[in-house]
Amino acid sequence: MTPGEAPWVADSLGSFGHESGERVPVVLSHEIIGLLSEQMYGSPLKAIEELVVNAYDADSKECRITVPSADKSTDFIAVYDSGSGMDHEAIRDLWNIGRSRKREEQIQLLRSRKQIGKFGIGKLATYAVATRVTYISKKDGTVLAVTTDFSKFDSSSSGQTSEVKLPVYEIANPTETFGTPRLQAVLEELGLEQPKFPADVPAWTLVILENLKPDKNIHMGRLRWILATAMPLKLDFEVQLNGKAVDSAKEGLTKVVDFSVKDLPESRLTNLRNITSQVWKISEGKLVSDNFPSGITGTVMVTEPILRTGKSDDIMRSHGFFVRVRERLVNERDPRFGLHELQHEVFNRFRADIEIDDLDSTITAPREGVGDSNLRETAEKVLNEIFNEARRRYDSKQINPGPRKKEHEMGYVPQSLFEFPTADALSIWDNSGGADADDSWFYIADAQQGHPLSETIQKLYSGERKDSYKYDYEAMGRSARMVKFLPDTSEFVLNDDHEIVRAYKHGGQAQVLLEDLATAEAMLEVYLMEADISPKTAGDILEKRDQFLRALASDHLSSVASISQSLLDASNQDHDLEIALVAAARAVGFVAKHIGGAGPPDGIATLLERPGVETKITLEAKSSNQVPSIATIGMGTLAEHVKNESAAGCLLVAPDFPGEIKGNDSSISQQANMNRVSCWTIKQLADVVAATETRHISARKILKIILTKFSPTDVAEEVEALLSYPVWEAESLYTAVINALHLISGVPDARPTADMVLGQLVSDPDYPGVSKVAVLKALEAVSSSSKGAMVLRGEEVKINTSIDELRRRTAHITGEPTTPRRNGDFRLGIAK
-12 MTPGEAPWVA DSLGSFGHES GERVPVVLSH EIIGLLSEQM YGSPLKAIEE LVVNAYDADS
48 KECRITVPSA DKSTDFIAVY DSGSGMDHEA IRDLWNIGRS RKREEQIQLL RSRKQIGKFG
108 IGKLATYAVA TRVTYISKKD GTVLAVTTDF SKFDSSSSGQ TSEVKLPVYE IANPTETFGT
168 PRLQAVLEEL GLEQPKFPAD VPAWTLVILE NLKPDKNIHM GRLRWILATA MPLKLDFEVQ
228 LNGKAVDSAK EGLTKVVDFS VKDLPESRLT NLRNITSQVW KISEGKLVSD NFPSGITGTV
288 MVTEPILRTG KSDDIMRSHG FFVRVRERLV NERDPRFGLH ELQHEVFNRF RADIEIDDLD
348 STITAPREGV GDSNLRETAE KVLNEIFNEA RRRYDSKQIN PGPRKKEHEM GYVPQSLFEF
408 PTADALSIWD NSGGADADDS WFYIADAQQG HPLSETIQKL YSGERKDSYK YDYEAMGRSA
468 RMVKFLPDTS EFVLNDDHEI VRAYKHGGQA QVLLEDLATA EAMLEVYLME ADISPKTAGD
528 ILEKRDQFLR ALASDHLSSV ASISQSLLDA SNQDHDLEIA LVAAARAVGF VAKHIGGAGP
588 PDGIATLLER PGVETKITLE AKSSNQVPSI ATIGMGTLAE HVKNESAAGC LLVAPDFPGE
648 IKGNDSSISQ QANMNRVSCW TIKQLADVVA ATETRHISAR KILKIILTKF SPTDVAEEVE
708 ALLSYPVWEA ESLYTAVINA LHLISGVPDA RPTADMVLGQ LVSDPDYPGV SKVAVLKALE
768 AVSSSSKGAM VLRGEEVKIN TSIDELRRRT AHITGEPTTP RRNGDFRLGI AK
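Counting from -12, one number per residue, gives the positions in the sequence shown under our numbering.
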């Protein structure tokens, strides 16, 4: 069927029959339609899923869907169900936006299922796909039809609502009507045979979407996956998509545990005897006792992926206990059957179909529950033993190490702790939202980006770690989360601006520990989701934990980088800048104390230059959003502080100083020289603090500047010279020497010498003017720190271990992060 061969069904209803009853009023605005359909149901796939859910709500046994695809040039979408159908009142209720009568008494009387639709807005989802939607439905021998053209509603920007009254047509001759070309094409695509349909089917509903939106592409593979995951396990609801059955995604799940009640071991029977004071035994394939003479039977399984996922839980759950009494399910809404202390890791994968006919005497009136009684309490204890046996079997499979592997093949982080829980959480998240305030995840990146979610979940469930995980760093802003985990690309991205990342990211084992912490934080969110903690409760927990980690990092700033950043962050906060200045003085080697208050200096710092000789300076901080004025700085007061403390000088920090253009001729420069106050910008001090470890800048060098250079111009020149000192004199030269040895060791029969190492370094622009003396000193330092891994004999080098082991043993002087000695397959870069 191609567009234009026959008029749209929406345009033909008047010719199919006559109006029946009053017209149905629909009050909407174009803005509301767009809001509900394109934001709540922005995907055409979700709109189609909503129509399938409506079919389920109608108590249908089957639902057929046809959509345009690569091999179908149809210009319509149609969804058919064999449910209860709609009369005139139901059609009126269909367009009663904001309320669904499906929840009312007629549903309780006529339908056997728990209903999903709550608010009556699902039909607006069709606007995400098409502008015209037609419902044709049969109930009690009468066929009614109604069509809606969304373009008829007010599209003005005023947001005012408009009312459209929809005519409802009664089709006098349905067989003849469905013989018209357009409807006949719809039936052919749905696989409905005439004349059996529509005459011989007692009740049904057909939804036809026309005037499809061209920018809404329907990805068939994704649609089939959505429908498959939305279908629970073992449900009498058949779905066909373009003529092919859509099976529940759970039907083919790998079963880790699979047994029958009759297989309960003797230890479980003994437990039941002890806790129920009854004699339990397996007789004729049933678990029986005096109170349960008819016996308890059933099957139990625990699957590898979870059964509790997304939309299928709305339709009908797939996990938990399914207790039937005389073939009737009696705990539809209670998967635990009253039990609560059940391990979620197992319970989300657990399904037990149990027959307990002896509970018939305790069934409540509507046969939808089991009343409180001693019989029920005993049944609960039996079910608890069944679950415990399933859990025991599941746990035994998880701890089984399998075939022994060589060390380089070992995986010390099992999939059961990482990939499987992540896949579980992603499966749940697809429809239920994450823990953060905007319903996204705290730590896991948008699962819809990158690879399709279904592919990511399938990869995680594959039981094989195909990619080792890598770590990267990115500036995301101070308010952003500590880490972003991208499951589809096997990557953790740490936030450079987060307090705890700033504190520990700068090399060595601390950085490895930081990355382990970030991994554990991301997995904490996964575990909370997997444990069935509500997203908002999980969000509260994670928010408090994040604040706590930030507070800990601020409480003991452990890296010069974090202390440097704290100076910059506090530039316009008086008290915070005082604290940061004292911390900076301590970081570079002074003994410092915060004083504060109106009279004394903000702090004092002392340096023991040699035994018995101590030099004291005062610390002064001037915070400001702008350049502070000379009056605000108050040079005379600062000089008085120096005198009162018997100090040798004063370190003053401020965001900037006035009179920059005039240089040493400015008033601030003249006053600084006269009062011997060393004027540093906050950024200058932050840069020096950040470089103290990499450039081996000592407190003595900084003290020399404080006691001899005072004007902002002179201080700036000295700081620039200090920071431009050759970096190869610091610890980075040790790393460069080891890197050179690594390259040399790759040459056959090479015997490393100091000259060979120097030859590798002279062409490196990071080490201008490096000398053989400097190289020999670096080799001596590496040798003495290597604990025998490397020996320097004269100018010859002998390496007794691998280069990786040499790096590990010298990490305390190079500051390099290193890999653990026992390598698994979790982190990127593991040797295979």
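For each residue, glycine too, the CB sits at the ideal point set by N, CA and C.
*Indicate the three-state DSSP secondary structure (helix, strand or coil) for Thr797 in the structure shown.*
coil
*How many angstroms separate the CA atom of Arg738 from the CA atom of Asp674?*
41 Å
*Assuming Asn198 contacts Arg119 (C-beta within less than 8 Å), just tell me the rounded distance between them.*
5 Å
*Output the distance between the C-alpha atoms of Pro292 and Arg336, rounded to the nearest integer angstrom.*
7 Å
*Assigned secondary structure, Glu372 (DSSP; H/G/I helix, E/B strand, else coil)*: helix
*Please work out which residues of its chain come closer than 8 Å, Cβ to Cβ, to Leu710, disregarding the five sequence neighbours upstream and downstream, and give them in chain order.*
Asp674, Val675, Ala678 and Arg682
*Should Ser551 go down as buried or exposed, given a rule of 16 or more other Cβ atoms within 10 Å for buried?*
buried
*asked:* Going by the DSSP bridge assignment, what does Arg315 pair with across the sheet?
replied: Val312
*Please name the residue in Thr284, Glu180 and Lys268 whose C-alpha comes closest to that of Asp277.*
Lys268
_Determine whether the beta carbon atoms of Leu177 and Arg378 lie at a separation below 7 Å._
no
*First and last residue of the beta strand (DSSP E) that includes Met463?*
Run containing Met463: none; DSSP gives neither H nor E here.
*Backbone CA spacing between Gly104 and Leu81 [nearest angstrom]*: At Gly104 the pLDDT is 42, less than 50, meaning the model places this residue with poor confidence and gives no usable figure here.
*Mind checking Thr257: buried by the 16 CB within 10 Å criterion, or exposed?*
exposed
*Can the beta-carbon of His327 be found less than 7 Å from the beta-carbon of Asp519?*
no
*When you compare each of Ala761, Pro755, Asp736 and Asp753 to Asp742 by their alpha carbons, which one comes out closest?*
Ala761
*Under a Cβ-count criterion, where at least 16 other Cβ atoms within 10 Å of its own Cβ denotes burial, should Glu803 be classed as buried or exposed?*
buried
*Phe407, DSSP secondary structure in three states*: helix
*For the 8 Å Cβ check, are there 3 or more pairs between the region 469 to 480 and the region 779 to 790?*
no
_Glu376 to Leu515 span [Cα, whole Å]_ = 24 Å
_Residue from Gly590, Val13, Ile528 and Pro645 with nearest C-alpha to Phe137_ = Val13
*Where Ala768 and Tyr721 are concerned, what is the direct C-alpha to C-alpha distance, given to the nearest angstrom?*
8 Å
_Alpha carbons only, please: which of Val724, Ser47 and His729 is nearest the one belonging to Gly757?_
The sequence given here places Val at residue 757; Gly does not occur at that position. When only C-alpha atoms are compared, the closest one is Val724.
*Where are the alpha helix (DSSP H) runs, 4 residues long or more, that stay fully inside the region 609 to 663, in chain order?*
617 to 620, 622 to 631 and 654 to 662
*What are the start and end residues of the beta strand (DSSP E) that includes Met777?*
Met777 to Arg780
*asked:* Helix, strand or coil, according to DSSP, for Glu342 in the structure here?
replied: strand
*How long is the line joining the alpha carbons of Asp44 and Leu38, rounded to whole angstroms?*
10 Å
*Leaving aside the five residues before and after Ala432 along the sequence, list all residues of the same chain whose C-beta is less than 6 Å from its C-beta, in chain order.*
Lys471 and Leu473
*Following the continuous alpha helix (DSSP H) through Asp527, name the residue where it begins and the one where it ends.*
Pro522 to Asp542
*Would you call Pro522 buried or exposed, if buried means 16 or more other Cβ atoms sit within 10 Å of its Cβ?*
buried
*Status (buried if at least 16 other CB within 10 Å, exposed otherwise) for Asn229*: buried
*Are the CB atoms of Ile444 and Ala410 nearer to each other than 7 Å?*
yes
*Identify the residues that DSSP records as bridge partners of Tyr399: which are they?*
DSSP lists no partner for Tyr399.
_With DSSP as the reference, identify every bridge partner of Val194, one or two as the case may be._
Val66 and Tyr122
_Run of the alpha helix (DSSP H) containing Asn258, from where it starts to where it stops_ = Glu253 to Thr263
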